[in-house]
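Student: Would you mind keeping the following structure in view while I ask a few things?
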Amino acid sequence: MARTRHILSGGKHPDNDPFHLVNNLTGLFKWVSLKISFLLTWFEKWIRETQKLPFVQMKELNLSGPLLTSKIIMACLNSQLFNRDLRWRTGVQLLPISCKSSNNFKITIEAVKETYQKAQEANIKVKGLILTNPCNPLGTVLDRDTLINLLTFTDQHNIHLVCDEIYAATVFDAPQFVSIAEIINDDDGIGINKNLTHVCQSFQRYRFSSSVGIVYSFNDEVVNCARKMSSFGLVSTQTQHLLASMLSDDEFVEEFLVESAKRLRKRHEKFTGGLEKVGIKCLKSNAGVYCWMDLRPLLKEETVDAEVALWKMIIKDVKLNVSPGSSFNCPDAGWFRVCFANIDEQTVDIALARIQTFVDAKLGNGRGTTYALTCPTGSTMKML
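The working numbering puts the first residue of the sequence shown at 1495, with every later residue one more than the last.
Here is the structure:
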């Protein structure tokens, strides 16, 4: 939605007033970044110990391109970038499938069938179903039965299934992640057409490489098309060598997955626990670098306009740039995605203090609204 772009009219863009522990304690937190900053040192250590070259901080290169050139059906709550990457140059129409808070935003085959039927009645030719698993922004994973039902549905209607599994390595708690490729390989007698199934992966979220994306497909035509399009965003030889060496190091990969889950679980518990102390609940999740925050009690009314108004207030007064649910096609107003893996521990404490101040003022809880926060330099900031 244009009105939920992350720029506040009359205010400061987060890039112009960024928070800094030493230089700008009153700055704005850019909590829309999907990076895992606290794992960057892990990769730096591996590079210094194993590679015969000095470590150089690599810049990120964002590349996006069209995937399909006809009508598409969209599943679950979807990433904001899908609207940009799939629509701007191709004219593809995205049809969100309704996922509501009443059942914890779980996607159901009934909802998929309903959306598909409505598209048929509107003479819209549906060409595919897109999933994010683990889900962005929910931080949840799809179970095996749901994936089998969706595979069966797409096969019966002869439409493509594209599964975005970018956050597969961010699962930090049960239930276990199940890849759509795993189900296809197992088959389990469901007898689906493998040529209609495609999986996307990426290394970008871990901040140790440029935006290296991977497409897995059983369809030769899709692979050949992707190979030709890759000429517009080639991965350097150095980066390919680095990633190949890293992924070939079984000991490092195993240690990384364990350490990543450990750190993400710890940060998730700290952040959601801090929110709960100030009366803010989050959807129960077990994956991702973000949480789905329920701010419905702070709305004047349960409408998108009220949600956007609250979002602007959070940016202006709390200086936290979070993502409103309406930008993810969420049908229930009042939900916000907040990223927690791109900041350090002390910054988390400062942010939680800001949130408590805001909630107390908003709800009139009468609790203390002044917080003294000690900075690395020994100076003190008070929040009123």
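We put the CB at the ideal spot given by N, CA and C, even for glycine. Just so we're clear, the structure is a prediction, and the values are computed from it rather than from any experiment.
What residue from Leu1741, Asn1679, Leu1751 and Val1706 has the CA that sits closest to serine 1488's CA?
Tutor: Past the edges of the chain, shown from 1495 to 1878, lies residue 1488, and the structure says nothing about it.
Student: Looking only at its chain, what residues have a beta carbon closer than 8 Å to the beta carbon of isoleucine 1674, apart from the 5 residues adjacent to it on each side?
Tutor: Here the question's residue 1674 lines up with position 180 in the sequence shown. Within the same chain, isoleucine 1674 has close Cβ partners Leu1625, Asn1627, Leu1641, Leu1645, Leu1655, Cys1657, Glu1659, Thr1691 and Val1693.
Student: Determine the closest residue to asparagine 1689 out of Lys1771, Gln1695, Phe1671 and Phe1712, with distance taken between C-alpha atoms.
Tutor: Reading the sequence shown from its first residue, position 195 is the one you call residue 1689. Answer by Cα proximity: Phe1712.
Student: Taking only the alpha-carbon atoms, compute the straight-line gap between methionine 1787 and glutamine 1587 and give it to the nearest angstrom.
Tutor: Locating residue 1787 in the sequence shown gives position 293, where the first residue counts as 1. Locating residue 1587 in the sequence shown gives position 93, where the first residue counts as 1. Answer to the nearest angstrom: the Cα atoms are 28 Å apart.
Student: With DSSP collapsed to three states, give me the class of isoleucine 1677.
Tutor: Numbered from its first residue, the sequence shown carries residue 1677 at position 183. DSSP places isoleucine 1677 in helix when its eight states are reduced to three.
Student: Would a C-beta distance cut-off of 8 Å place lysine 1594 and proline 1825 closer than the cut-off?
Tutor: Stepping through the sequence shown from its first residue, residue 1594 is reached at position 100. Stepping through the sequence shown from its first residue, residue 1825 is reached at position 331. Cβ distance < 8 Å, so lysine 1594 and proline 1825 count as in contact.
Student: With H, G and I counted as helix, E and B as strand and the rest as coil, what does DSSP make of serine 1779?
Tutor: Reading the sequence shown from its first residue, position 285 is the one you call residue 1779. It is coil, neither helix nor strand.
Student: Around the Cβ of alanine 1616, are there at least 16 other Cβ atoms within 10 angstroms (buried) or fewer (exposed)?
Tutor: Taking the first residue of the sequence shown as 1, we reach residue 1616 at position 122. When all chains shown are included, alanine 1616 counts as exposed.
Student: Does the pairing of the region 1771 to 1779 with the region 1788 to 1803 give three or more beta-carbon distances under 8 Å?
Tutor: These segments touch.
Student: Using only the alpha-carbon positions, how far apart do threonine 1634 and arginine 1578 sit?
Tutor: The residue given as residue 1634 occupies position 140 in the sequence shown. The residue given as residue 1578 occupies position 84 in the sequence shown. Cα-Cα distance, rounded: 23 Å.
Student: Grab the span of the beta strand (DSSP E) containing valine 1832 for me, first residue to last.
Tutor: For the purposes of this step, residue 1832 is taken as residue 338 along the sequence shown, with counting starting at 1. Start and end: 1829 to 1833.
Student: For valine 1693, write down the residues that DSSP places opposite it in a beta bridge.
Tutor: One-based indexing of the sequence shown puts residue 1693 at position 199. Note: valine 1693 sits in a beta bridge opposite Cys1657 and Tyr1710.
Student: Looking only at its chain, what residues have a beta carbon closer than 6 Å to the beta carbon of arginine 1848, apart from the 5 residues adjacent to it on each side?
Tutor: To locate residue 1848, count along the sequence shown from 1; it is residue 354. Excluding residues within five positions, the ones whose Cβ falls inside 6 Å are Val1812.
Student: With 16 other CB atoms within 10 Å as the buried threshold, where does alanine 1827 fall?
Tutor: Here residue 1827 corresponds to residue number 333 of the sequence shown, with the count starting at 1. With 16 or more other Cβ atoms within 10 Å, it is buried.
Student: Helix, strand or coil, according to DSSP, for serine 1821 in the structure here?
Tutor: Here the question's residue 1821 lines up with position 327 in the sequence shown. Here serine 1821 sits in helix by DSSP.
Student: Can you tell me the Cβ-Cβ gap for valine 1665 and alanine 1781, rounded? I've got them flagged as a contact below 8 Å.
Tutor: What you label residue 1665 is simply residue 171 of the sequence shown in a count that begins at 1. What you label residue 1781 is simply residue 287 of the sequence shown in a count that begins at 1. The Cβ separation is near 4 Å, so the contact holds.
Student: Taking all protein chains shown into account, decide if serine 1439 is buried (16 or more other Cβ within 10 angstroms of its Cβ) or exposed.
Tutor: Here the chain comprises residues numbered 1495 to 1878, so residue 1439 is not present and cannot be evaluated.
Student: Expressed to the nearest angstrom, what Euclidean distance is found between the alpha-carbon atoms of leucine 1737 and isoleucine 1653?
Tutor: The sequence position of residue 1737 within the sequence shown is 243, counting from 1. The sequence position of residue 1653 within the sequence shown is 159, counting from 1. Each residue's Cα considered, the two are about 33 Å apart.
Student: Does DSSP put leucine 1589 in a helix, a strand or coil?
Tutor: Within the sequence shown, residue 1589 is the residue found at index 95, counting from 1. Three-state result, leucine 1589: strand.
Student: Spatial neighbours of glutamate 1649 within its chain, please: C-beta separation below 6 Å, excluding the five flanking residues on both sides.
Tutor: Along the sequence shown, one-based indexing puts residue 1649 at 155. Note that residue 1649 corresponds to aspartate in the displayed sequence, not to glutamate. Result list for aspartate 1649: Ile1686 and Asn1687, in chain order.
Student: Spell out the partners DSSP gives cysteine 1785 in its beta bridges.
Tutor: Taking the first residue of the sequence shown as position 1, residue 1785 is located at position 291. Paired residues: Val1832.
Student: So which of Asp1799, Ser1754 and Arg1638 has the shortest CA-CA distance to isoleucine 1678?
Tutor: Counting from 1 along the sequence shown, the entry for residue 1678 is found at position 184. With distances taken between Cα atoms, isoleucine 1678 lies closest to Arg1638.
Student: Take the Cβ of phenylalanine 1576 as the centre, count every other Cβ of all protein chains shown within 10 Å, and call the residue buried at 16 or more, exposed below.
Tutor: Sequence index remark: in the sequence shown, residue 1576 carries index 82 (1-based). Burial call: buried.
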